[in-house]
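K.L.:
Under our numbering, the sequence shown has 118 at position 117, and the numbering climbs by one with no breaks. Quick reminder that beta carbons are idealized off the backbone N, C-alpha and C, glycines included. Got a structure here, written out as structure tokens. Questions coming.
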Amino acid sequence: MAVQVFKIPDSIKKDCKFSFCPGCDHGVAIRLVAEVLDELGLREKTISATSIGCSVCLYDFLEIDCIEAPHGRALAAATGVKRARPDKFVFTYQGDGDFASIGLAESLHAALRGEKLSAICINNTTYGMTGGQLGPTTLLGQKTTTSVDGRNVEYYGYPIKIAEHVALCDGTAFSARVSLDTIANIRKAKQAIKKAFQVQMDGLGFGFVEILATCPTNWKMTPEQAHERVRTQMMEVFKPGVYKDITQNN
């Protein structure tokens, strides 16, 4: 007797087409979000907020209500939605430039206020949609279209470590950094997303997951090379792990 071991999550639109670049990890991340929404029974009560960047395409893939915010304002918009409809499950899906550059104030203040929200931030060390410019998480020495000789401290400063900053906010209930470079790490990423969603459901505060992801097009690499870069370069700076979990401290 055949046993089904893999299926498209119910929260994924059945007629969607993959619109990201070949090898992009957004597809994996969105699938994990869909799986968690299904497993927690959240699809019919969920509202997501996205902003400008590759992350904005979320509404093309998920069978949920979505709103689009101006660049960097996803968590400000999500705060309004959650306060107006506290019965809804509300999360944001953002890129690192959106979350930690133009939107840094909105992001950290949502965490400081302890908004009952969940946020997912895709860290691929570049502005992917607009041509591969230097972003807040660009690594030292990394060449981009706006740092052609590589990022240097004197001119550009250091890359921001988002999960650590969010963990320092008193209103944060959960903050973690994960990666999508291996099957084992993909499973850990799903666990982290589920925990970030669960703390909102339990009314504990702000839940956050930073996901280390690839951008093969702007990195000018194959998907295999891009995942190797995540392991050998990004993880050296952005250490995966749980940086705050108040459910483990009670």
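With DSSP collapsed to three states, give me the class of Y159.
P.N.:
Position 158 of the sequence shown, counting from 1, holds the residue named residue 159. Here Y159 sits in coil by DSSP.
K.L.:
Identify every run of the beta strand (DSSP E) within the region 20-69, keeping only runs that are complete inside it and at least 3 residues long; order them along the chain.
P.N.:
If we require 3 residues or more, the beta strand (DSSP E) runs fully inside the region 20-69 come out as 47-51 and 66-69.
K.L.:
Between the C-alpha atoms of L59 and G151, what's the straight-line distance to the nearest angstrom?
P.N.:
Stepping through the sequence shown from its first residue, residue 59 is reached at position 58. Stepping through the sequence shown from its first residue, residue 151 is reached at position 150. Rounded to whole angstroms, L59 to G151 spans 31 Å at the Cα level.
K.L.:
For M1, count neighbouring Cβ atoms within 10 angstroms of its own Cβ and tell me buried if that reaches 16, exposed if not.
P.N.:
Absent from the structure is residue 1, since the part of the chain shown begins at 2 and ends at 251.
K.L.:
How about E107 and L141: do their beta carbons lie closer than 8 Å?
P.N.:
Start at 1 with the first residue of the sequence shown, and residue 107 comes out as number 106. Start at 1 with the first residue of the sequence shown, and residue 141 comes out as number 140. Their beta carbons are not under 8 Å apart, which means E107 does not touch L141 by this criterion.
K.L.:
Based on the DSSP output, what are the partners of A193 in its beta bridges?
P.N.:
Within the sequence shown, the letter at position 192 stands for residue 193. Partner(s): none; A193 has no beta bridge.
K.L.:
So, is Q5 buried or exposed, given that buried needs 16 or more other C-beta atoms within 10 angstroms?
P.N.:
Within the sequence shown, the letter at position 4 stands for residue 5. With fewer than 16 Cβ atoms within 10 Å of its Cβ, Q5 is classed as exposed.
K.L.:
Between which residues of its own chain and K196 is the CB-CB distance below 6 Å, once the five residues before and five after are set aside?
P.N.:
Within the sequence shown, the letter at position 195 stands for residue 196. Around K196: F175.
K.L.:
Taking Cβ positions only, does T147 come closer than 8 Å to chain B?
P.N.:
The chain labelled as chain B is not found in the depicted structure, where only one protein chain is given.
K.L.:
Tell me whether Y253 is buried or exposed, calling it buried when 16 or more other Cβ atoms sit within 10 Å of its Cβ.
P.N.:
This structure cannot settle anything about residue 253, because the visible part of the chain is limited to 2 through 251.
K.L.:
Just to confirm my understanding: we take K245, look at its own chain, exclude 5 residues before and 5 after, and list those with CB closer than 7 Å. What are they?
P.N.:
Here residue 245 is taken as the residue at index 244 of the sequence shown, counted from 1. Excluding sequence neighbours, K245 sits near A168, T173, F175 and S176.
K.L.:
So, using beta-carbon positions, are Y94 and I121 closer together than 8 Å?
P.N.:
The residue given as residue 94 occupies position 93 in the sequence shown. The residue given as residue 121 occupies position 120 in the sequence shown. The answer is yes: Cβ separation under 8 Å.
K.L.:
Just how far apart, CA to CA, sit D99 and H72?
P.N.:
To locate residue 99, count along the sequence shown from 1; it is residue 98. To locate residue 72, count along the sequence shown from 1; it is residue 71. Looking at the two C-alpha atoms, the distance is approximately 6 Å.
K.L.:
What are the start and end residues of each continuous beta strand (DSSP E) run of 3 or more residues lying completely inside the region 87-124, in chain order?
P.N.:
Counting only runs of 3 or more, we get 90-96 and 119-124.
K.L.:
Starting from L76, trace the beta strand (DSSP E) both ways and give me its first and last residue.
P.N.:
In the sequence shown, the residue the question calls residue 76 occupies position 75. No beta strand (DSSP E) holds L76; the alpha helix (DSSP H) holding it covers A75 to A85.
K.L.:
In whole angstroms, what separates the C-alpha of N251 from that of H110?
P.N.:
Mapped onto the sequence shown, residue 251 falls at position 250. Mapped onto the sequence shown, residue 110 falls at position 109. Its pLDDT being 49, under 50, N251 is placed unreliably in this model, and the value from its coordinates should be taken loosely. So the two alpha carbons sit approximately 24 Å from each other.
K.L.:
Just the C-alpha distance for I31 and F62, rounded to the nearest angstrom, thanks.
P.N.:
Taking the sequence shown and counting its residues from 1, one reaches residue 31 at position 30. Taking the sequence shown and counting its residues from 1, one reaches residue 62 at position 61. If I take the Cα positions, the gap works out to 8 Å.
K.L.:
Looking at the strands, I want to know which residues DSSP matches up with Y128.
P.N.:
Numbered from its first residue, the sequence shown carries residue 128 at position 127. Looking at the DSSP assignment, Y128 forms a beta bridge with Q134.
K.L.:
Using the C-alpha atoms, what's the distance from M2 back to D171?
P.N.:
One-based indexing of the sequence shown puts residue 171 at position 170. One-based indexing of the sequence shown puts residue 2 at position 1. One C-alpha to the other measures close to 53 Å.
K.L.:
Can you give me the C-alpha to C-alpha distance between E64 and M236, rounded to a whole angstrom?
P.N.:
Counting from one through the sequence shown, the residue named residue 64 turns up at place 63. Counting from one through the sequence shown, the residue named residue 236 turns up at place 235. Cα to Cα, the separation comes out at about 33 Å.
K.L.:
Which whole runs of the beta strand (DSSP E) in the region 170-223 are 3 residues long or more, in chain order?
P.N.:
List check, beta strand (DSSP E) in window: 173-180 and 207-213.
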